[in-house]
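One structure below.
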Amino acid sequence: MPELPEVELVKRDLEKIIGLEIVDYELSNYVINGHKINKRTIVKQPLDEFRRVQNSTILSIGRRGKYMYFSLRKENIEFNLVAHLGMSGAFFIVNHLDEISEKNFKKHWQVIFHLLNGQMLVYSDIRRFGEMRIVESLEGFKPIAEMAPEYTEEIARAHFIDTLKSGRYDESFIKPIIMDSKILPGVGNIYASEALYLSHILPTKRVKNISRERLSNLFDAIVEVFELSLSYGGSTISDYRSVTGGSGEMQNKFKVYGLNTCPEGHTLKTKVMNGRNTYYCTKCQR
Ligand SMILES: [Zn+2]
């Protein structure tokens, strides 16, 4: 599942289409048929509301947590197309679908935006957990409105520590809590394990038993993992692909995720927490 660095890299790759008009769009049969039975596959609003993207111009592309958004303008009114890559979503900018080299991504295109320059912005999603919706303003979209500050914002560290120390999360295990975008946006299952290892904190530690100093170290570790991943082009495990279909190298830098031993040579433990595999070392972490 793409986490903050992967989504940020997709966003950066897509910036080349800023300024272009979306002249038309197509929806896959999965999307159309899903909507016929009220499943709202990919497009999370009635399809006639989605029609508004046609003839809109892309003013800018942004990211908040794991959400990307396209700021659009049509007839002097500005609005946003918000997208979430879900478990396996990917964007491609191509002249023809055949340019998508990976068979599964080519087959499982869900939305195609035809751009004024003749190119297509293709959204592919094999498992179809991705989301797209038009919203009037980002502030009116609850998941973004309720999100904690981005890790790059100066207040993010204080917000992270103060929220965790508010008492509300005392009995919670730390690992699932740092994956909550109200605490810090963009941490997913892989980087949660990695950051907890780097900061020597057990994923099963209860929040109330972690000092402010150690929480500050954890914040630093999350930033370190994000920045390292960005510099290596993100992680390519299972389904993440960059816009150009390339793949990142961060998976080769993991210290614990998916591994048998930690960098110190200790045998790692795994545990399913909130349905997600968690990797940790009982010698390096406490
Ligand atoms: Zn260890």
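Those letters in the sequence shown? Residues 1 to 286, by full-length UniProt numbering.
Here a beta-carbon is modelled for each residue, glycine too, at the ideal position from N, C-alpha and C.
Quiz prompt | Nearest-angstrom Cα separation, counted from GLU139 out to ALA145 | solution = Here residue 145 refers to the residue found at position 145 of the sequence shown. Here residue 139 refers to the residue found at position 139 of the sequence shown. Spanning the alpha carbons of ALA145 and GLU139 requires a straight line of approximately 5 Å.
Quiz prompt | Exposure of LYS16, with buried meaning 16 or more beta-carbon neighbours within 10 Å | solution = Here residue 16 corresponds to residue number 16 of the sequence shown, with the count starting at 1. Per the 10 Å Cβ criterion, exposed.
Quiz item: By Cβ distance below 6 Å, which residues in the same chain neighbour HIS114 in space, the five residues on each side in sequence not counted?
Solution: For the purposes of this step, residue 114 is taken as the residue at position 114 of the sequence shown. If we look at HIS114 and ignore the five residues flanking it on each side, its Cβ neighbours are VAL23, ASP24 and MET120.
Quiz item: Going by other Cβ atoms of all chains shown within 10 Å of its Cβ, with 16 needed for buried, is ALA158 buried or exposed?
Solution: Start at 1 with the first residue of the sequence shown, and residue 158 comes out as number 158. Label assigned to ALA158: exposed.
Quiz item: When the Cα atoms are used, what is the spatial distance from ALA156 to PRO149?
Solution: Walking along the sequence shown from the start, residue 156 turns up at place 156. Walking along the sequence shown from the start, residue 149 turns up at place 149. Those two C-alpha atoms are separated by around 5 Å.
Quiz prompt | Close beta carbons around THR261, own chain, < 7 Å, minus the five adjacent residues each side | solution = The residue given as residue 261 occupies position 261 in the sequence shown. Excluding positions up to five away in sequence, the list reads THR267 and LEU268.
Practice problem: Express the C-alpha separation of MET273 and VAL10 in angstroms, rounding to a whole number. | Solution: For the purposes of this step, residue 10 is identified with residue 10 of the sequence shown, where counting begins at 1. For the purposes of this step, residue 273 is identified with residue 273 of the sequence shown, where counting begins at 1. Rounded to the nearest whole angstrom, the CA to CA distance from VAL10 to MET273 is 28 Å.
Practice problem: State the Cα-Cα distance for the pair LEU59 and ASN38, rounded to the nearest angstrom. | Solution: Taking the first residue of the sequence shown as position 1, residue 59 is located at position 59. Taking the first residue of the sequence shown as position 1, residue 38 is located at position 38. If you take the alpha carbons of LEU59 and ASN38, they lie about 31 Å apart.
Quiz item: Curious, which full-length alpha helix (DSSP H) runs of at least 4 residues does the region 115-145 contain?
Solution: 142-145, all fully within the region 115-145.
Practice problem: Could you tell me whether any non-hydrogen atom of ligand 1 is closer than 7 Å to the CB of HIS266? | Solution: Walking along the sequence shown from the start, residue 266 turns up at place 266. Within the cutoff, so yes.
Quiz item: Which of the three DSSP states, helix, strand or coil, is assigned to PHE226?
Solution: Your numbering for residue 226 matches position 226 in the sequence shown. Helix.
Quiz item: Can you tell which of TYR257, MET250, LYS283 and GLY275 has its C-alpha closest to the C-alpha of GLY265?
Solution: For the purposes of this step, residue 265 is taken as the residue at position 265 of the sequence shown. Nearest C-alpha to GLY265: LYS283.
Quiz item: With distances taken from CA atoms, which of THR152, GLU154, GLU153 and GLU131 is nearest PRO143?
Solution: In the sequence shown, the residue the question calls residue 143 occupies position 143. For PRO143, the nearest C-alpha among the options comes from GLU131.
Quiz prompt | Where LYS66 falls, given that 16 or more other Cβ within 10 Å makes a residue buried | solution = In the sequence shown, residue 66 corresponds to position 66, counting from 1. By the 10 Å Cβ count, LYS66 comes out buried.
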